[in-house]
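Here the structure comes first, spelled out in structure tokens, and everything after it is commentary.
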Amino acid sequence: MTVARFWRDIPSRYNLYGTRCDSCDKVYFPVRHICPGCRRSSIGRMQRHRLSGKGRVHSFSVVHDAPPHMSSLKPYAVAIVEMDEGVKVTGQLVDVDIGEIDIGMGVEAVLRKIGEEGQDGIIHYGFKFAPRLD
Amino acid sequence: MREVAVIGIGVTQFGELWDHSFRQVGIQAGLEAVYDANLSGSEIDAMYIGNMSSGRFIDQHHIGALIADYSGMASHNVPSTRIEAAGASGSLAFRQGVMAVASGMHDVVVVGGAEKMTDVSDDQSNFILNSAADQQWESMMGATFASLHAMIARRYMHEGYATREQIASVAVKNHLHGAMNPKAQFQRAIKLDAVLRSPIVADPLTMFDCSPISDGAAAVVLCPLEKAYEYTDNPVKVLGTGQASDTLALYQRDDICSFNATKVATRMALEIADVTINDIDLVEVHDDYTISELLALEDMGFFPRGKAGEAVESGETEITGSIPVNTSGGLKARGNPIGATGVAQIVEIVAQLRGDADKRQVKDASVGMAQSIGGTGSTAVISILGAI
Numbered sequence: 551m552t553v554a555r556f557w558r559d560i561p562s563r564y565n566l567y568g569t570r571c572d573s574c575d576k577v578y579f580p581v582r583h584i585c586p587g588c589r590r591s592s593i594g595r596m597q598r599h600r601l602s603g604k605g606r607v608h609s610f611s612v613v614h615d616a617p618p619h620m621s622s623l624k625p626y627a628v629a630i631v632e633m634d635e636g637v638k639v640t641g642q643l644v645d646v647d648i649g650e651i652d653i654g655m656g657v658e659a660v661l662r663k664i665g666e667e668g669q670d671g672i673i674h675y676g677f678k679f680a681p682r683l684d
Numbered sequence: 036m037r038e039v040a041v042i043g044i045g046v047t048q049f050g051e052l053w054d055h056s057f058r059q060v061g062i063q064a065g066l067e068a069v070y071d072a073n074l075s076g077s078e079i080d081a082m083y084i085g086n087m088s089s090g091r092f093i094d095q096h097h098i099g100a101l102i103a104d105y106s107g108m109a110s111h112n113v114p115s116t117r118i119e120a121a122g123a124s125g126s127l128a129f130r131q132g133v134m135a136v137a138s139g140m141h142d143v144v145v146v147g148g149a150e151k152m153t154d155v156s157d158d159q160s161n162f163i164l165n166s167a168a169d170q171q172w173e174s175m176m177g178a179t180f181a182s183l184h185a186m187i188a189r190r191y192m193h194e195g196y197a198t199r200e201q202i203a204s205v206a207v208k209n210h211l212h213g214a215m216n217p218k219a220q221f222q223r224a225i226k227l228d229a230v231l232r233s234p235i236v237a238d239p240l241t242m243f244d245c246s247p248i249s250d251g252a253a254a255v256v257l258c259p260l261e262k263a264y265e266y267t268d269n270p271v272k273v274l275g276t277g278q279a280s281d282t283l284a285l286y287q288r289d290d291i292c293s294f295n296a297t298k299v300a301t302r303m304a305l306e307i308a309d310v311t312i313n314d315i316d317l318v319e320v321h322d323d324y325t326i327s328e329l330l331a332l333e334d335m336g337f338f339p340r341g342k343a344g345e346a347v348e349s350g351e352t353e354i355t356g357s358i359p360v361n362t363s364g365g366l367k368a369r370g371n372p373i374g375a376t377g378v379a380q381i382v383e384i385v386a387q388l389r390g391d392a393d394k395r396q397v398k399d400a401s402v403g404m405a406q407s408i409g410g411t412g413s414t415a416v417i418s419i420l421g422a423i
């Protein structure tokens with residue numbers, strides 16, 4: 551992956567920027583340029599919208615069979631998180647004992663290393679989810 | 036629109052075919068189908084080839100021309116088109132072939148599907164399969180293709196739709212059927228315990244909940260129904276097809292325990308075929324993971340939500356049951372060479388409707404159906420065929 555391919559998504563990967571449709575108020579992640587609900591009337595009306603980062607585990611899995619670049623992490627947990635804004639997001643779950651994860655658990659986004667381009671390449675950062683402290 | 040018939044079928048052995056290249060398996064299935072249709076070859080007007088990822092599995096694109104060339108059709112300059120929709124590539128190639136004949140554009144069309152997955156390591160192969168999901172916002176965030184299905188399974192159990200044992204019983208049933216299919220990758224029955232105790236791939240799914248990595252190819256020959264008897268005594272009629280899309284990423288759905296694309300494509304195909312779900316005598320579904328078969332059976336309308344697991348566990352979906360499902364062994368036991376899978380489903384349905392399915396034969400089968408999925412329900416293709 552070239553630097554540019556990752557770099558252009560940094561606002562979404564670091565700070566969970568998605569979009570909100572000015573026509574129906576629905577929030578999307580990642581960025582969409584057309585609201586699937588409003589389509590034509592949403593064009594030019596999709597606003598940058600930062601998610602709060604807080605949500606609940608909708609479902610999760612513990613990955614034991616991982617691709618080579620993820621194998622040093624296994625077993626690791628991945629989840630579909632339903633954000634407080636109603637939109638869902640996929641990310642890893644960290645800072646939690648795997649046995650304690652459950653559907654409905656409150657989580658919040660944290661910035662972590664999510665990958666790297668081999669030994670000498672750039673490091674990719676992005677969000678993962680950790681148990682909510684409040 | 037013209038009525039369309041399947042006049043020939045062919046399928047290779049599925050499995051780890053170390054001594055066969057991509058082009059060899061592709062040609063083998065195609066030739067078998069062409070012989071079965073009693074064609075010399077010069078009658079062929081067009082070819083459609085389902086293939087997911089030859090570019091990454093064998094570093095080869097331009098599959099349409101390659102298959103046309105090595106099947107000896109290059110000198111006839113037959114138009115040949117590669118179709119890709121991840122796991123639904125083969126079934127979509129079939130639908131494109133049906134549309135080409137129905138429209139009157141072509142008379143005799145060969146539809147093939149092929150994938151060569153074992154020329155890369157298992158790790159690499161699984162990594163390539165992840166690209167059926169949203170590469171940027173699922174795979175890169177750590178989700179594997181298996182883990183997406185594991186999340187469906189966990190939520191499905193959380194909702195009380197099925198028990199872990201009922202989900203696992205899909206693998207037991209499909210291995211039972213695969214044991215009767217001489218072309219299947221796995222031809223041994225397994226016990227429920229074997230599924231539950233096999234190594235965890237993505238919790239709660241184990242190795243035996245997942246379809247294998249496979250090489251293989253399948254092909255069918257289509258022509259207008261009115262010309263079918265010029266070639267064969269046992270044509271099977273294409274009653275209807277349907278196709279639908281949904282969001283690329285699983286997390287974008289309101290409900291991850293159901294694939295809406297399957298529902299929409301099923302309605303479309305049933306309407307065109309002018310039959311109801313109760314008229315279907317057997318069905319091949321896309322069990323890339325055990326959980327997928329339960330979603331398929333509910334979304335197609337064979338069972339209400341939360342009842343498919345029970346039905347599989349009680350034997351209703353076995354060959355002798357009220358609605359036989361995956362008599363071929365399904366993706367789980369027959370094998371899942373991605374691009375070939377959708378075409379292999381059609382081959383099984385045609386064999387059953389002709390009464391040629393030997394030990395797997397469903398009694399009095401007259402209408403059969405196939406459901407095929409790309410990604411996590413992002414593409415669904417439905418085909419309905421009928422005996423004449």
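Those protein sequences? They're chains L and P, same order as listed. So the first sequence is numbered by my numbering: it starts at 551 and just counts up by one. So the second sequence is numbered by my numbering: it starts at 36 and just counts up by one. A virtual CB, placed ideally from N, CA and C, is assigned to each residue, including glycine.
Between residue i and the rest of its own chain, which residues show a CB-CB distance below 6 Å, the 5 nearest in sequence each way excluded?
i               : result
A680 of chain L : V644, D645 and V660
L127 of chain P : I118, A120 and V416
N295 of chain P : D281
S233 of chain P : T241, M242 and F243
G676 of chain L : R563 and I664
E658 of chain L : G603, K604 and R682
S89 of chain P  : Q95 and I98
For residue i, which residues of its own chain have a beta-carbon under 8 Å away from its beta-carbon, when the five flanking residues on both sides are left out?
i               : result
W53 of chain P  : T153
C574 of chain L : C585, G587, C588 and S592
D652 of chain L : V607
R58 of chain P  : L101, I102 and Y105
E261 of chain P : R37 and E38
Buried or exposed for residue i, going by 16 or more other Cβ atoms inside 10 Å?
i               : result
G671 of chain L : exposed
K226 of chain P : exposed
W557 of chain L : exposed
P217 of chain P : exposed
S156 of chain P : exposed
L683 of chain L : exposed
D289 of chain P : exposed
G641 of chain L : buried
M36 of chain P  : exposed
H609 of chain L : The sequence shown places Ser at residue 609 of chain L, rather than the His named in the question. Classification for S609 of chain L: buried.
M620 of chain L : buried
E333 of chain P : buried
Y264 of chain P : exposed
V230 of chain P : buried
R590 of chain L : exposed
S622 of chain L : exposed
R555 of chain L : exposed
S115 of chain P : buried
G636 of chain L : exposed
E650 of chain L : exposed
M335 of chain P : buried
Spatial neighbours of residue i within its chain, please: CB distance less than 7 Å, with the 5 preceding and 5 following residues excluded, ordered by chain position.
i               : result
R425 of chain P : This structure cannot speak to residue 425 of chain P, because chain P is shown only from 36 to 423.
E78 of chain P  : V143
T569 of chain L : Y578, V581, R582, M596, Q597, R598 and H599
D249 of chain P : Before going further, note that residue 249 of chain P is Ser rather than Asp in the sequence given. Cβ neighbours of S249 of chain P beyond the five flanking positions: F49, G50, M152, Q220, G370, N371 and P372.
Throw me the rounded Cβ distance for the residue i and residue j pair, which I believe falls under 8 Å.
i               : j               : result
G364 of chain P : A219 of chain P : 4 Å
K638 of chain L : E632 of chain L : 5 Å
A214 of chain P : Q201 of chain P : 21 Å between Cβ atoms; not a contact.
G275 of chain P : L305 of chain P : 7 Å
G277 of chain P : M242 of chain P : G277 of chain P to M242 of chain P, Cβ: 33 Å. No contact.
A627 of chain L : I648 of chain L : 6 Å
S293 of chain P : L329 of chain P : Contact doesn't hold; Cβ gap of about 10 Å is too wide.
K298 of chain P : G421 of chain P : In fact, because the Cβ distance is near 22 Å, the residues do not count as touching under 8 Å.
L388 of chain P : G403 of chain P : 6 Å
Is residue i near the ligand SAH, in the sense that its beta carbon is under 7 Å from a heavy atom of that ligand?
i              : result
I84 of chain P : Summarising the ligand content, the structure contains no ligands, and the ligand SAH is consequently not present.
Using 8 Å as the Cβ pair cut-off and three pairs as the minimum, do the stretch 355–363 of chain P and the stretch 312–325 of chain P touch?
yes
Contact between the stretch 335–355 of chain P and the stretch 129–144 of chain P: three or more CB pairs below 8 Å?
no
Taking contact to mean at least 3 C-beta pairs separated by less than 8 Å, is the stretch 185–196 of chain P in contact with the stretch 156–176 of chain P?
No, because fewer than three Cβ pairs between the stretch 185–196 of chain P and the stretch 156–176 of chain P fall closer than 8 Å, the two stretches do not touch.
Against chain P, which members of the stretch 615–647 of chain L pass a CB distance test of less than 7 Å?
Per Cβ criterion, the list reads D615, A616, P617, P618, M620, Y626, V628, I630, K638, V639, T640, G641 and Q642.
Quick one, which residues of the stretch 579–609 of chain L are near chain P if we go by CB-CB under 9 Å, in chain order?
F579, P580, P586, H608 and S609
Is there contact between the stretch 396–412 of chain P and the stretch 370–387 of chain P, where contact requires at least three CB pairs shorter than 8 Å?
yes
For the stretch 248–258 of chain P against the stretch 48–68 of chain P, do three or more pairs of beta-carbon atoms, one drawn from each stretch, fall closer than 8 Å, so that the two count as touching?
yes
Chain P contacts from the stretch 650–664 of chain L (Cβ-Cβ distance under 8 Å):
For the stretch 650–664 of chain L, which is checked against every Cβ of chain P, the residues closer than 8 Å are I653 and I664.
Quick one: which residues of the stretch 556–573 of chain L get their C-beta closer than 8 Å to a C-beta of chain P? List them in chain order.
D559
Interfacial residues, the stretch 182–215 of chain P to chain L, with Cβ spacing under 7 Å
S182, A185, M186, R189, R190 and H193
Anything in the stretch 90–122 of chain P with a Cβ closer than 8 Å to a Cβ of chain L? List those residues in chain order, please.
none
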